[in-house]
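**Student:**
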Amino acid sequence: MNKPAPSVAIAILNWNGKKFLESLLPELQQLTYPNYTVYVIDNKSSDNSVAYIQSSYPAIKVIELDGNNGFAGGYNKGLSLLNEDYYLMINSDVEVSPSFIEPLVSMMESDTTIASSQPKLLSLKDHTLLEHGGAAGGMIDFLGYPLCRGRIFDASETDRGQYDQETEIFWASGACCLVRREAYWKVKGMYNFFFMHSEEIDMCWRFISEGYKVKYCPDSYIYHLGGGTLSHQSPRKTYLNFRNNIIMCFRNSPWYVNLWLIPTRLVLDLAAALRFLMNDWNNCKAVLLAYKDFIKWLIFEKDKFPAKKKALWSIPFVLKTSVAWQYYINNIKEFSKLKKHEL
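What follows is the structure in structure tokens.
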């Protein structure tokens, strides 16, 4: 007798995303995977999203939350009610192919130490480009600056098949990733304080600290719009990215690493603020506010630290060079070329 397919909870976090759901939900009815349930976790939308789902797709289960809990809090609350083997966390601003789930599940089932897997993310606006929010898997440098295989800062690569090999990565994109339920709760899910941005990177760091793997699955792909909540130029996005990233580095790094990492990051991030100052005071101010609130977090926030920590430089596939130096000084815009250059 064939073993039944593992159960998958397709969990869409929604906040006023009715216009995106109108495109995505019909596609999810055409999936070929045999054992899945679609859930919409709603962060108290005011655009009639819930009424639309209930009238147009009564089979889809809606989890209505009592307020806007953000990305991390919304998923933590919603997923705590689900018992499927895997959580497929997926944004509403995506297009999917009917068979995109099977390769992800197959990869996870082949190795129980894989906590999460990510498909290839291509741009919904231009299907030839790897998409900003995940591309061919998330990576990080030893200073804690994130990047993607196929996207460094604002430079996205054309997909030429250069990242069509299965590989271990540092983080799987929250735009679309399959997560093992057991692993999710072992690391206590995403960090609620972050609200949105960097939460999946922080969670994947904790997966790795606990001995799990995160992998990229090139046989699965989706198209992602990106910027559906905040545009890339938004000062709010800048603030959350800088604040959450420095908090993530501090809370996941051993104390002896923080002795040099945090001062180094302060210098580099202030340089970024000065760069913004040239033509964008609001984004400059966002970086300064991020550090002000990092200090407040240090003083007032409780339950700051995960059970286990792991220094970035001790992880084999973490870049041992500064991605900012490579990008801005050496003018390297492609991930595949980073390993060929040193400072």
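Here the sequence shown is numbered in the UniProt record's numbering, starting from 1 and rising by one per residue. Where is the CB? At the ideal position from N, CA and C, for every residue including glycine.
(1) Following the continuous alpha helix (DSSP H) through Gln293, name the residue where it begins and the one where it ends.
(2) Would you kindly check if the distance between the Cβ of Ala172 and the Cβ of Gly150 is under 8 Å?
(3) Where Thr37 and Ser106 are concerned, what is the direct C-alpha to C-alpha distance, given to the nearest angstrom?
(4) I think Tyr309 touches Ser209, with their Cβ atoms under 8 Å apart; what is that distance to the nearest whole Å?
(5) I'd like to confirm the pairing. Which residues does DSSP put opposite Gly138 in its beta bridges?
(6) Measure the C-alpha to C-alpha separation of Leu266 and Met190 and round it to an integer number of angstroms.
(7) Does Asp164 pass the burial test, meaning 16 or more other C-beta atoms within 10 Å, or should it be called exposed?
(8) Look up Lys61 in the DSSP assignment and say whether it is helix, strand or coil.
(9) Return helix, strand or coil for Ala311, following the three-state DSSP convention.
(10) Thr112: buried (16+ other C-beta within 10 angstroms of its C-beta) or exposed?
(11) According to the neighbour-count rule (16 or more other Cβ atoms, all chains shown, within 10 Å of its Cβ), is Ile329 buried or exposed?
(12) Would you be able to state if there are at least three C-beta pairs under 8 Å between the segment 128-148 and the segment 53-67?
(13) Could you check if Met203 is buried or exposed, using at least 16 other CB atoms within 10 Å of its CB as the buried criterion?
(14) Candidates Tyr39, Lys125 and Ser110: which alpha carbon is nearest Glu84's?
(15) May I ask whether a heavy atom of the ligand COA can be found less than 7 Å away from the beta carbon of Val287?
(16) So Glu109 and Gly226 are supposed to be a Cβ contact under 8 Å. How far apart are they, rounded?
(17) Tell me where the alpha helix (DSSP H) around Thr321 begins and ends.
(18) Which residues bound the alpha helix (DSSP H) around Leu25?
(19) Relative to the C-alpha of His197, which candidate in Arg181, Tyr221 and Arg236 has its C-alpha closest?
(20) Helix, strand or coil: which one does DSSP assign to Gln54?
(21) Using the Cβ count rule (16 or more neighbours within 10 Å means buried), how would you classify Ser80?
(22) If we ignore side chains and look at the alpha-carbon of each, how far apart do Cys177 and Asn48 end up?
(23) Please classify Lys340: does DSSP put it in a helix, a strand, or coil?
(24) On a CA-only basis, which of Asp269, Lys213, Tyr327 and Ala311 is nearest Lys292? Give me that one, please.
**Tutor:** Looking at the atomic coordinates:
(1) Per the sequence shown, residue 293 should be read as Asp rather than Gln. Asp293 -> alpha helix (DSSP H) spans Trp281 to Phe300.
(2) For the pair Gly150 and Ala172, the CB atoms are not nearer than the 8 Å cut-off.
(3) Between the alpha carbons of Thr37 and Ser106 lies a distance of about 18 Å.
(4) Reading off the sequence shown, one finds Lys at residue 309, where the question assumed Tyr. Under the criterion of beta carbons closer than 8 Å, Lys309 and Ser209 qualify as touching, at roughly 6 Å.
(5) Here Gly138 is bridged, per DSSP, to Cys148 and Trp171.
(6) The alpha-carbon atoms of Leu266 and Met190 are separated by roughly 25 Å.
(7) Exposed.
(8) DSSP places Lys61 in strand when its eight states are reduced to three.
(9) In this structure, Ala311 counts as coil in the three-state DSSP scheme.
(10) Residue environment: Thr112 is assigned as exposed (fewer than 16 neighbouring CB atoms within 10 Å of its CB, all protein chains considered).
(11) With fewer than 16 other Cβ atoms within 10 Å, it is exposed.
(12) Fewer than three pairs of CB atoms, one per stretch, sit closer than 8 Å, so the segment 53-67 makes no contact with the segment 128-148.
(13) Answer is buried; the Cβ neighbour count reaches 16.
(14) Looking at the Cα atoms, Tyr39 is the closest of the given residues.
(15) Although the ligand COA was asked about, the structure shown includes no ligands whatsoever.
(16) The pair is not a contact, with the Cβ atoms about 29 Å apart (cut-off 8 Å).
(17) That residue, Thr321, is in no alpha helix (DSSP H); it is neither H nor E in DSSP.
(18) Segment Lys18 to Leu28, the alpha helix (DSSP H) holding Leu25.
(19) Of Arg181, Tyr221 and Arg236, the residue nearest in Cα terms is Arg236.
(20) Looking at Gln54 - three-state DSSP - the assignment turns out to be helix.
(21) Result: exposed.
(22) Distance between the alpha carbons of Cys177 and Asn48: 27 Å.
(23) Annotation note: pLDDT 48 at Lys340 (below 50); position unreliable, coordinate value reported separately. Secondary structure at Lys340: coil, using DSSP grouped into helix, strand and coil.
(24) When each option's Cα is compared against that of Lys292, the closest is Asp269.
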